[in-house]
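J.:
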Amino acid sequence: MELYTLDISELRRLLDRREVSVGEVVDSVYKRIDAVEGRVKAFVTLTKEEALKMAGPAQKKIDNKEPGTLLGIPIAIKDNMCAKGIRTTCSSRILEKFVPPYESTVTSRLKEHGYILVGKTNLDEFAMGSSTENSGFHTTRNPWDTARIPGGSSGGSTAAVAADECMAALGSDTGGSIRQPASLCGVVGLKPTYGRVSRYGLVAFASSLDQIGPITKNVSDAALIMNVISGRDLLDSTSAPVDVPDFTRILGQDVRGLKIGVPKEYFIEGMEEDVVNSVKAAVRQIESLGAVPVEISLPHTDYAIATYYLLATSEASSNLARYDGVKYGFRENGKDLLEMYMNTRAAGFGAEVKRRIMLGTYALSSGYYDAYYKKAQQARTLIKKDFEQALKTVDIIVTPTSPTAAFKIGEKADDPLQMYLSDIFTISVNLAGVPAISIPCGFTRDDLPVGLQLIGRHFDEETILKVAYAYEQSTEWHKRKPKL
Ligand code: GLN
535 MELYTLDISE
545 LRRLLDRREV
555 SVGEVVDSVY
565 KRIDAVEGRV
575 KAFVTLTKEE
585 ALKMAGPAQK
595 KIDNKEPGTL
605 LGIPIAIKDN
615 MCAKGIRTTC
625 SSRILEKFVP
635 PYESTVTSRL
645 KEHGYILVGK
655 TNLDEFAMGS
665 STENSGFHTT
675 RNPWDTARIP
685 GGSSGGSTAA
695 VAADECMAAL
705 GSDTGGSIRQ
715 PASLCGVVGL
725 KPTYGRVSRY
735 GLVAFASSLD
745 QIGPITKNVS
755 DAALIMNVIS
765 GRDLLDSTSA
775 PVDVPDFTRI
785 LGQDVRGLKI
795 GVPKEYFIEG
805 MEEDVVNSVK
815 AAVRQIESLG
825 AVPVEISLPH
835 TDYAIATYYL
845 LATSEASSNL
855 ARYDGVKYGF
865 RENGKDLLEM
875 YMNTRAAGFG
885 AEVKRRIMLG
895 TYALSSGYYD
905 AYYKKAQQAR
915 TLIKKDFEQA
925 LKTVDIIVTP
935 TSPTAAFKIG
945 EKADDPLQMY
955 LSDIFTISVN
965 LAGVPAISIP
975 CGFTRDDLPV
985 GLQLIGRHFD
995 EETILKVAYA
1005 YEQSTEWHKR
1015 KPKL
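Just so you know, we're using the working numbering here: the sequence shown kicks off at 535 and counts up by one.
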């Protein structure tokens, strides 16, 4: 048995019994990285030195039987979250040399629990995309088929977990960026309720939508990480003062009698047949565990993509105004200040980021604000109400995570609209602010993973974790590994 193949709970047991040392675990993970990273390209920066530095104290704590859920567990962090003293690029040229002088709240919580930082993972530039092809550095490859994309924008994190290059990872999700790549890489990805996890130290994309969450090899590991990263943080005023349960406690509890909403708007034309079949079979499987499927309607689903692309781009145009060559990383000089700004932004941002800044600036400009931004806010309210209404009658909602399995590199790169459609089932969840998890639920005829999305009520991650766990334990999908 290779240590890198294990999940967090399995490793925890071995480490606590001192059957293996943290040094051996770190060694095993970097050996794996040496063997496969050339093909997967999940990372922007590997932090082996830092990992070795963290290993000593973690081992000491284990030897002294000190507490720490993640003592000695190698975890990767999406490269839009700051770890003090370690380059954080957002996969953008404009931040290529940015070294944050502070630690994000999520990584400092992981640190308090003894994690080992493996490296910073690749993403679509500033988390804008669904394939990692928008990375300013390189495209990450799907470990199940390296000719295909891993999904995005947290594609580096999900590929790293799927390829056993780390035990777990953190991602961020603004419109699907944890769940869609988790689905395409055959791993578990959870987007918590808006406000559940502090975003201090997460580089902002669209602040009313962004959330950080875990990407793991199974559901119970997701619960473990949620225990560590959730909760109010005075450094993020949008983090909610809501009690944090022990998310692992609910796992294994009965799902009998739970009402599972299946939205009729979520099986649409153009979906892959194998995806539809896997998801329908998963719903039957959940039913066989005693839950009760109910057809529901989310009537404003059709407006979700347009609404999202007005709001997310508007917020992004404002959030990205700070990259002007004055304070951060990259600068391209000019004959005066204005020309310096223009040169810096023209050379520092990639095409998709520029497209979004222009779209957002347009939507916010005077004369268009009411027609676009304000209208989108109104549509968002309707979409949110759809979920609140539905979740009064059912306990959770189950849908496909993505309409297709992983597509080929280059297939949608020149067609932004096709690319935007990848998130058709995940975007509404961010607009509504509710939590959702993607878990493996099958494979296509090409042996590509398919994901099932479970959506819950505000701050009720427990119920989706409970159902996800019950389903997972009754299937074998999560045990399959790509042949790399
Ligand atoms: N794919 C969506 C976008 O491009 C969502 C990205 C995300 O969740 N960060 O905006």
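Built from N, CA and C at the ideal position, the CB exists for glycine as well.
1. Quick check on Ser764: does DSSP put it in helix, strand or coil?
2. Measuring only the C-alpha atoms, how far is Asp698 from Glu873?
3. Taking the continuous beta strand (DSSP E) assigned at Phe577, which residues delimit it?
4. Among the residues of its own chain, which have a CB less than 8 Å from the CB of Ile794, if the five just before and after it don't count?
5. Gly653 and Ala592 look like a contact to me (Cβ under 8 Å); what is the Cβ gap, rounded to whole Å?
6. Out of curiosity, what's the CA-to-CA distance linking Ile943 and Thr680?
7. What do you get for Leu535, buried or exposed, if any count of 16 or more other CB atoms within 10 angstroms of its CB means buried?
8. In angstroms with no decimal places, state the Cα-to-Cα distance between Tyr857 and Tyr896.
9. Have a look at Gly786 and Gly804 and give me their C-alpha separation to the nearest angstrom.
10. Should Tyr800 go down as buried or exposed, given a rule of 16 or more other Cβ atoms within 10 Å for buried?
11. Expressed to the nearest angstrom, what Euclidean distance is found between the alpha-carbon atoms of Ala885 and Glu807?
12. Fully enclosed by the stretch 658-710, which beta strand (DSSP E) runs are 3 residues long or longer?
13. Identify every run of the beta strand (DSSP E) within the stretch 948-991, keeping only runs that are complete inside it and at least 3 residues long; order them along the chain.
14. Go through its chain and collect everything with a Cβ distance to Arg682's Cβ below 6 Å, but skip five positions before and after it.
15. One question on the structure: do Ala702 and Pro748 come within less than 8 Å of each other, judged by their Cβ atoms?
16. Let me know if Asn752 comes out buried or exposed under the rule of 16 or more other beta-carbons within 10 Å of its beta-carbon.
17. Please go through the same chain and pick out, in chain order, the residues whose beta-carbon is closer than 7 Å to the beta-carbon of Leu548, but skip the five residues on each side of it.
18. May I ask you to check if the CB of Ala838 is nearer than 7 Å to at least one heavy atom of the ligand ATP?
19. Classify Val578: buried if its beta carbon has 16 or more other beta carbons within 10 angstroms, exposed otherwise.
20. Ser972 and Ser956 look like a contact to me (Cβ under 8 Å); what is the Cβ gap, rounded to whole Å?
21. Can you give the Cα-Cα distance for Asp613 and Gly985, rounded to whole angstroms?
22. Is it the case that the Cβ atoms of Val737 and Cys975 are separated by a distance below 8 Å?
23. Can you check the stretch 719-754 for any beta strand (DSSP E) of at least 3 residues that lies completely inside it and give the ranges in chain order?
24. Could you check where the alpha helix (DSSP H) with Glu829 kicks off and where it finishes?
25. Could you please give the first and the last residue of the uninterrupted beta strand (DSSP E) stretch that includes Ile542?
26. Could you tell me whether the stretch 897-912 touches the stretch 769-783, where touching means 3 or more Cβ pairs closer than 8 Å?
T.: So, from the data block:
1. Within the sequence shown, numbered from 1, the residue matching residue 764 stands at position 230. Residue state, collapsed to three classes: strand.
2. Start at 1 with the first residue of the sequence shown, and residue 698 comes out as number 164. Start at 1 with the first residue of the sequence shown, and residue 873 comes out as number 339. For Asp698 and Glu873, the distance between alpha carbons rounds to 46 Å.
3. Here residue 577 corresponds to residue number 43 of the sequence shown, with the count starting at 1. Run containing Phe577: Phe577 to Leu580, per the beta strand (DSSP E) assignment.
4. On the sequence shown, position 260 is the one that residue 794 refers to. Taken in chain order, the residues that qualify are Val817, Ile820, Glu821, Ala825, Val826, Pro827, Val828, Val928, Asp929, Ile930, Ile931, Val932 and Val1001.
5. Residue mapping note: residue 653 aligns to position 119 of the sequence shown, counting from 1. Residue mapping note: residue 592 aligns to position 58 of the sequence shown, counting from 1. The pair is not a contact, with the Cβ atoms about 17 Å apart (cut-off 8 Å).
6. As a first step, residue 943 must be located in the sequence shown, where it is residue number 409. As a first step, residue 680 must be located in the sequence shown, where it is residue number 146. Distance between the alpha carbons of Ile943 and Thr680: 9 Å.
7. Mapped onto the sequence shown, residue 535 falls at position 1. According to the sequence provided, residue 535 is Met. The question's Leu does not apply to it. Exposed is the call here.
8. Along the sequence shown, one-based indexing puts residue 857 at 323. Along the sequence shown, one-based indexing puts residue 896 at 362. Looking at the two C-alpha atoms, the distance is approximately 19 Å.
9. Here residue 786 refers to the residue found at position 252 when the sequence shown is read from its first residue. Here residue 804 refers to the residue found at position 270 when the sequence shown is read from its first residue. Distance between the alpha carbons of Gly786 and Gly804: 36 Å.
10. Locating residue 800 in the sequence shown gives position 266, counting from the first residue. The residue is buried, with at least 16 neighbouring Cβ atoms inside 10 Å.
11. On the sequence shown, position 351 is the one that residue 885 refers to. On the sequence shown, position 273 is the one that residue 807 refers to. So the alpha carbons of these two residues sit roughly 33 Å apart.
12. 702-707
13. 970-977 and 983-989
14. By 1-based counting over the sequence shown, the position of residue 682 is 148. Cβ within range, chain order: Asn676, Ala940 and Lys942.
15. Position 168 of the sequence shown, counted from the start, is the residue given in the question as residue 702. Position 214 of the sequence shown, counted from the start, is the residue given in the question as residue 748. The answer is yes: Cβ separation under 8 Å.
16. The sequence position of residue 752 within the sequence shown is 218, counting from 1. Answer is buried; the Cβ neighbour count reaches 16.
17. Here residue 548 corresponds to residue number 14 of the sequence shown, with the count starting at 1. If we look at Leu548 and ignore the five residues flanking it on each side, its Cβ neighbours are Val554.
18. Absence of the ligand ATP is noted for the structure shown, with the ligand GLN being the only ligands found.
19. For this step, residue 578 is matched to residue 44 along the sequence shown. Classification of Val578: buried, given that the 10 Å Cβ count is 16 or more.
20. For the purposes of this step, residue 972 is identified with residue 438 of the sequence shown, where counting begins at 1. For the purposes of this step, residue 956 is identified with residue 422 of the sequence shown, where counting begins at 1. Ser972 to Ser956, Cβ: 13 Å. No contact.
21. Taking the first residue of the sequence shown as 1, we reach residue 613 at position 79. Taking the first residue of the sequence shown as 1, we reach residue 985 at position 451. One C-alpha to the other measures close to 24 Å.
22. Here residue 737 is taken as the residue at index 203 of the sequence shown, counted from 1. Here residue 975 is taken as the residue at index 441 of the sequence shown, counted from 1. No, the pair does not count as a contact, with Cβ atoms beyond the cut-off.
23. 722-725 and 745-750
24. If you number the sequence shown from 1, residue 829 lands on position 295. Not the alpha helix (DSSP H): Glu829 falls in the beta strand (DSSP E), residues Val826 to Ile830.
25. Here residue 542 refers to the residue found at position 8 of the sequence shown. No beta strand (DSSP E) holds Ile542; the alpha helix (DSSP H) holding it covers Ile542 to Asp550.
26. Contact between the stretch 897-912 and the stretch 769-783 is absent, because fewer than three Cβ pairs lie under 8 Å.
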